[in-house]
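Here the structure comes first, spelled out in structure tokens, and everything after it is commentary.
2 protein chains.
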Amino acid sequence: MSELLTTNRKEQLLEVAAKLFKQRGYAATSMRDLAAELGIEAASLYHHIKSKEEILETICFDLASKFSIVIAEVNDIYFNAEEKLRTAIKNHVQIITQNTNQSAVFLHEWRNLSEPKLSEFMKLRDAYEKGIRVILKDGMNEDVFDDVDEKFASLTILSTVNWINEWYKPNGKMSTEEIAQNLSDFILGGLRKKMVTDINYKP
Amino acid sequence: MSELLTTNRKEQLLEVAAKLFKQRGYAATSMRDLAAELGIEAASLYHHIKSKEEILETICFDLASKFSIVIAEVNDIYFNAEEKLRTAIKNHVQIITQNTNQSAVFLHEWRNLSEPKLSEFMKLRDAYEKGIRVILKDGMNEDVFDDVDEKFASLTILSTVNWINEWYKPNGKMSTEEIAQNLSDFILGGLRKKMVTDINYKP
DNA sequence: AATTTTGCCTAACACATGTTAGGTTATGTC
DNA sequence: GACATAACCTAACATGTGTTAGGCAAAATT
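So the sequences go chain by chain: A and B.
If you read the first sequence in my numbering, its first letter stands for residue 1, the second for the next number, and so on.
If you read the second sequence in my numbering, its first letter stands for residue 1, the second for the next number, and so on.
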């Protein structure tokens with residue numbers, strides 16, 4: 001079917017665009033750069049897409065949608081707060097490691113969106129952060145997590161899991177599961193309710 | 001003295017440039033944008049600077065130098081590993097909160113540097129990360145920190161302290177000291193050697 | 001008072017940018 | 001075999017880009 005071919009070619013275009021946007025940034029990547037990478041002329045791109053910004057929108061909102069889905073799942077299905085947080089972290093790590101280029105665009109290039117898409121995107125981001133905050137609140141209510149400033153803690157957690165994108169290489173020695181495990185341990189070590197028995201603890 | 005005036009005007013130019021580079025990104029900020037913000041014509045900028053990229057270089061390397069200085073200080077002066085790490089975090093937070101615009105450029109826009117400045121910059125970044133790694137190694141040798149993958153841990157710590165730049169507002173309710181305190185607690189909670197007495201701990 | 005320096009201006013350049021219009025060719029469908 | 005469609009092409013456009021050349025007025029220096 002031709003429909004399938006179109007889709008494939010467009011997906012290929014989006015994949016290559018994400019790669020270039022990650023490498024050089026959105027504004028520094030020209031339509032001619034993108035076309036050259038695909039082996040076609042710049043004008044030919046417009047057979048598949050409407051504008052340069054449409055490419056950015058598609059990449060950003062596709063990934064935002066993936067994040068929205070998994071955070072909703074976690075807050076629906078799992079019961080225990082620690083398990084919830086571990087699962088959320090694992091899902092987050094998975095999305096980033098399986099979509100390295102798109103993730104970089106999602107994390108850094110969304111500023112180049114123009115209104116009204118920009119506001120729309122920021123709403124989705126905020127909703128995700130709120131999802132994390134709900135888990136923290138649960139954990140504090142269950143007395144599993146230490147009392148912390150929710151906003152501060154959620155942003156710190158997100159910073160940690162997002163930073164993976166800066167150094168993760170698909171063929172590195174650490175698996176997605178190991179990364180998620182280590183990050184969860186680190187984060188939960190900082191959050192979990194502790195009795196005062198740490199060596200060298202000074203209150 | 002005229003020397004002084006020149007310096008001031010140039011510093012003002014760099015400050016405004018950093019502000020715009022943070023807001024719109026380096027590539028998306030034109031020399032005409034920058035000039036307009038300063039109330040002059042684009043061509044007049046070249047009385048103060050040699051090229052657009054020179055502005056980016058100055059901002060990036062100025063901040064890199066600040067980071068280099070404080071990490072060297074910490075590893076020279078302080079003895080205890082936990083104290084070292086706390087001081088390093090405090091210094092890092094201070095640099096970021098006191099130079100919000102330049103920090104954003106330092107963290108995100110350095111990719112727009114071209115060789116050989118790009119490699120030079122990346123070396124400075126790596127040296128800083130190595131400085132953090134030394135502290136972690138010390139802490140593990142002193143049996144104060146849990147055994148962790150040094151590279152992984154140092155990158156996680158940097159991710160946490162760097163993310164401040166995404167949400168910090170100079171007039172927010174949290175002071176620099178409070179932010180540093182909270183981050184240190186969070187990070188050290190995840191690092192400090194623990195006896196197995198955490199509530200709900202499952203090995 | 002004469003001269004240099006500073007900080008800006010106008011005008012223009014060569015080139016890169018996103019995008020459109022209209023045409024061509026190969027592929028698959030009726 | 002006629003036809004539709006997908007995927008690309010060449011040519012060109014209007015505009016934006018970083019940057020240079022040369023000049024002018026005010027301030028600082030001699």
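Cβ coordinates follow ideal geometry from the N, Cα and C atoms, glycine included.
None of these values were measured; they are calculated from a predicted model.
query, result
"Closest to A:E15 by C-alpha separation, out of A:S30, A:A27 and A:L34, would be which residue?", "A:L34"
"For B:D149, which residues from the same chain have a beta carbon less than 7 Å from its beta carbon, with the 5 sequence-adjacent residues on both sides left out?", "none"
"At which residue ranges does the segment 77–149 of chain A contain complete beta strand (DSSP E) runs of 3 or more residues, listed in the order of the chain?", "none"
"For the segment 154–172 of chain A, list every residue whose C-beta sits within 7 Å of some C-beta in chain B, in sequence order.", "L155, T156, S159, T160, W163 and W167"
"State buried or exposed for B:N99, treating a residue as buried only when at least 16 other CB atoms are found within 10 Å of its CB.", "buried"
"For chain B, is any of its Cβ atoms less than 9 Å away from the one on A:G204?", "Missing from the structure shown is residue 204 of chain A; chain A here goes from 1 to 203 and no further."
"Taking DSSP as the reference, what is the three-state secondary structure of A:G189?", "helix"
"Closer than 8 Å, Cβ to Cβ, to anything on chain A: give me those residues from the segment 83–100 of chain B, in chain order.", "none"
"For the segment 106–128 of chain A, enumerate the residues whose C-beta is nearer than 7 Å to any C-beta of chain B, in chain order.", "H108, R111 and N112"
"If we ignore side chains and look at the alpha-carbon of each, how far apart do A:N182 and A:N80 end up?", "19 Å"
"Kindly indicate if chain A contains any beta-carbon less than 9 Å away from that of B:T6.", "No answer about B:T6 holds up, because its pLDDT of 44 lies below 50 and its placement is not dependable."
"Could you tell me if B:A43 is buried or exposed, where buried requires 16 or more neighbouring beta carbons within 10 angstroms of its beta carbon?", "exposed"
"By the three-class DSSP mapping on this structure, what secondary structure does A:A28 have?", "coil"
"Taking only the alpha-carbon atoms, compute the straight-line gap between A:T58 and B:K66 and give it to the nearest angstrom.", "39 Å"
"How many angstroms separate the CA atom of B:T157 from the CA atom of A:E41?", "Note on residue identity: the sequence assigns Ile, not Thr, to residue 157 of chain B. Roughly 44 Å between the two C-alpha positions."
"In chain order, what residues of the same chain lie with their CB nearer than 8 Å to the CB of B:S184, ignoring the 5 residues before and after it?", "L85, R86, I89 and K90"
"Counting only C-beta atoms, is A:A141 closer than 9 Å to chain B at any point?", "One detail in the question is off: residue 141 of chain A reads as Asn in this sequence, not Ala. No, A:N141 lies away from the interface with chain B (no Cβ there is under 9 Å from its Cβ)."
"When you compare each of B:K52, B:I132 and B:Q12 to B:E37 by their alpha carbons, which one comes out closest?", "B:Q12"
"Of all the residues that make up the segment 51–77 of chain B, which are near chain A by a beta-carbon distance shorter than 9 Å?", "none"
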